[in-house]
Amino acid sequence: MPTGPSAAPGANAGALRHVLSHLVTPLLMCIGMGLAYLGAFHAPEPHDLRVDVVGSGASAQVLAQTLQDKGDGALSVRTVADRDTAVNHLMTQRSYGAYLPGASPELLVATASSETSATVVQKVFTEVASGQGAPLDVTDVAPTADGDPTGQGLFFLMVAVSIGSYASVAVIGGAGAVLALRVRAALALGASLVVSLIGVVFAGPLFGLVDHGLAGLWALAWLYSAGILLVGVGLHTFLKRWTTLGVMALFVMLNFTSSGGIFRPELQPGFFGALHAFWNGAGFVEGLRSHVYFDGYGLGGHVLVLALWFVAGLALVGGAGVAEAGRRRVADRGVGDRRGADRGDADLRAQAGADGGSPAASASPATSATSATSVLPAGAVPVASAEEEMEEAVGV
Numbered sequence: 269m270p271t272g273p274s275a276a277p278g279a280n281a282g283a284l285r286h287v288l289s290h291l292v293t294p295l296l297m298c299i300g301m302g303l304a305y306l307g308a309f310h311a312p313e314p315h316d317l318r319v320d321v322v323g324s325g326a327s328a329q330v331l332a333q334t335l336q337d338k339g340d341g342a343l344s345v346r347t348v349a350d351r352d353t354a355v356n357h358l359m360t361q362r363s364y365g366a367y368l369p370g371a372s373p374e375l376l377v378a379t380a381s382s383e384t385s386a387t388v389v390q391k392v393f394t395e396v397a398s399g400q401g402a403p404l405d406v407t408d409v410a411p412t413a414d415g416d417p418t419g420q421g422l423f424f425l426m427v428a429v430s431i432g433s434y435a436s437v438a439v440i441g442g443a444g445a446v447l448a449l450r451v452r453a454a455l456a457l458g459a460s461l462v463v464s465l466i467g468v469v470f471a472g473p474l475f476g477l478v479d480h481g482l483a484g485l486w487a488l489a490w491l492y493s494a495g496i497l498l499v500g501v502g503l504h505t506f507l508k509r510w511t512t513l514g515v516m517a518l519f520v521m522l523n524f525t526s527s528g529g530i531f532r533p534e535l536q537p538g539f540f541g542a543l544h545a546f547w548n549g550a551g552f553v554e555g556l557r558s559h560v561y562f563d564g565y566g567l568g569g570h571v572l573v574l575a576l577w578f579v580a581g582l583a584l585v586g587g588a589g590v591a592e593a594g595r596r597r598v599a600d601r602g603v604g605d606r607r608g609a610d611r612g613d614a615d616l617r618a619q620a621g622a623d624g625g626s627p628a629a630s631a632s633p634a635t636s637a638t639s640a641t642s643v644l645p646a647g648a649v650p651v652a653s654a655e656e657e658m659e660e661a662v663g664v
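Using my numbering, the letters of the sequence shown correspond one by one to residues 269 to 664.
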């Protein structure tokens, strides 16, 4: 082993290359987070935000058309016949505000659907009422729970559950690299159960984000968390050290920004609005809103979104199982070839001994190393390899 002065520079250069290669991951995270969050949140503006004007006369029609024209695409305005219809539209999330003109104008909103959308609608119709010389009376037909005055508590609950889930992927993929895939999948399902129960504690007893429906909240949280964990565990077989970046792109960069928890798609660029239709974070947040505040209206569609992500996770785990089985077969053939070579070497050494040579002198370091490796159980990973695997999984 070299011990001269040249050894240290070579070792340092290797260590530096190792660090620089691993710095790629956090730098890509920085770029991805900046593009996603700033792209989604930095300049929210309404487009096709649905609102109602209550009334069937000519004045209501003129007001609706005027708002539509002045909005230049910001609003999608229609007239409805009466207050009950307007309330029904709000409670089924077919509109985000309803204006009742008159001597004492009233605006109906549903902050549980989206506090930021309600704020935008209120700003628009406050100006309308001011132009008519009357103060605006605002009625909230679906207020949020007392523990969630901003209406964004469910979004931050999703953040907590998401972090617990994708961080567990790194641990299972790294520290659990020596375990069989079925054991890793079982750990993923167990971790999702724990994460979802933590979410229930946050939402109910600890912060009071919701005041009823905790059982349904737990079911949605478990399905959401299990989907993330299964997708992550399945991807780890293929992505290795890039798994952390992959799950962050899927379940943070694209997920948080398209969930509708801060701004609904009507206030975001079209890309994030399109993702809102089928991404799992949107399924979780909108499913919770539907379950807690809107009597389950549309809940089935949101559960379907989460279920499809769960099924995708199962499919990825199945694909990972096939890939790992193929790798094991290749490795077993390699071990068989090495054992055959070892037997040939042993025969040569025996022959050399019979001819008067030294059997010990014929042994090679490579043969000794192969013999040492061959005593590992089938499918096991050497400790050094497992440590490198964990290092890669957490992206360091």
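The C-beta atom is built at its ideal place from N, Cα and C for all residues, glycine as well.
query                                                                                                                                                                        : result
Would you report the Cα separation of R606 and A593, rounded to the nearest angstrom?                                                                                        : 20 Å
Starting from A366, follow its DSSP beta bridges and name the residues at the other end.                                                                                     : D320 and L376
Evaluate F546 with the Cβ neighbour count: other Cβ atoms within 10 Å of its Cβ, from every protein chain shown; 16 or more gives buried, anything less gives exposed.       : exposed
I need the DSSP call for A637, collapsed to helix, strand or coil.                                                                                                           : Low confidence applies to A637: its pLDDT is 42, below 50, so where it sits in the model is not reliable enough to give any reading.
What do you get for D337, buried or exposed, if any count of 16 or more other CB atoms within 10 angstroms of its CB means buried?                                           : exposed
Using the Cα positions of R450 and L503, report the straight-line distance between them to the nearest angstrom.                                                             : 14 Å
Less than 8 Å between the CB atoms is what I'm expecting for M528 and A550, so what's the real figure, rounded?                                                              : Note that residue 528 corresponds to Gly in the displayed sequence, not to Met. Rounded, the Cβ-Cβ distance is 5 Å, consistent with contact.
Which partner residues does R346 have in the DSSP bridge list?                                                                                                               : D320
Express the C-alpha separation of S372 and V319 in angstroms, rounding to a whole number.                                                                                    : 19 Å
Between P369, Q361 and D352, which lies nearest to H559 when the distance is taken from Cα to Cα?                                                                            : Q361
Count the other C-beta atoms from every protein chain shown that fall within 10 angstroms of the C-beta of A634, then say buried if there are 16 or more, exposed otherwise. : Because the pLDDT at A634 is just 44, under 50, the model does not fix this residue reliably, and the value given afterwards should be weighed accordingly. It counts as exposed.
Can you give me the C-alpha to C-alpha distance between R601 and F423, rounded to a whole angstrom?                                                                          : 51 Å
Going by alpha carbons, who is nearest to V377 out of H570, A279, H357 and F309?                                                                                             : H357
Taking the DSSP output, what are the residues bridged to V287?                                                                                                               : DSSP output for V287 lists no bridge partner at all.
Count the other CB atoms, across all protein chains shown, that sit within 10 Å of the CB of L368; report buried if there are 16 or more and exposed otherwise.              : buried
Hey, Y492 and S464: beta-carbon distance below 9 Å or not?                                                                                                                   : yes
Anyone know if the C-beta pair for L317 and A342 falls short of 9 Å?                                                                                                         : yes
Taking 8 Å as the limit between beta carbons, can you name the residues of its chain near A236, skipping five residues before and five after?                                : The requested residue 236 is not part of the displayed model; the chain covers only 269 to 664.
What does the alpha-carbon distance come out to for the pair A279 and H286?                                                                                                  : 11 Å
Assuming G415 and G476 are in contact, meaning their beta carbons sit under 8 Å apart, how far apart are those beta carbons, in whole angstroms?                             : 3 Å
Select from L535, V392, S344 and G581 the residue whose C-alpha is nearest the C-alpha of L518.                                                                              : G581
Near Q390, which residues of its chain fall below 7 Å by C-beta distance, leaving aside the five closest residues on each side in sequence?                                  : L375, V377 and V406
May I ask you to list the residues that DSSP assigns as paired with D405?                                                                                                    : E374
Return the first residue and the last residue of the alpha helix (DSSP H) that K391 is part of.                                                                              : E383 to G399
Tell me the rounded alpha-carbon separation between L535 and P294.                                                                                                           : 30 Å
Mind pulling the alpha helix (DSSP H) runs of 4 or more residues that sit fully within the segment 413-466?                                                                  : 421-442
Would a C-beta distance cut-off of 9 Å place F552 and L522 closer than the cut-off?                                                                                          : no
For A591, which residues of its own chain have a beta-carbon under 6 Å away from its beta-carbon, when the five flanking residues on both sides are left out?                : T505
Whole angstroms is fine: what's the gap from F309's alpha carbon to G325's?                                                                                                  : 39 Å
Cutting at 7 Å between CB atoms, please list the residues of its own chain near Q329, excluding the five before and the five after it.                                       : T347
Skipping 5 residues on each side, what residues in its chain have a beta carbon closer than 7 Å to that of L425?                                                             : G467, F470, A471 and L477
For my contact list, G421 and T379 are in at a C-beta cut-off of 8 Å; report their separation, rounded to the angstrom.                                                      : Actually they do not touch by this definition, with Cβ atoms about 12 Å apart.
How big is the Cα-Cα spacing for A349 and T387?                                                                                                                              : 24 Å
State the Cα-Cα distance for the pair G481 and L572, rounded to the nearest angstrom.                                                                                        : 19 Å
If you follow the alpha helix (DSSP H) that V355 is in, where does it begin and where does it stop?                                                                          : R351 to M359
Using C-beta distances below 6 Å, list every residue in its chain close to V409, excluding the 5 sequence neighbours before and after it, in chain order.                    : V355, L358, L376 and A378
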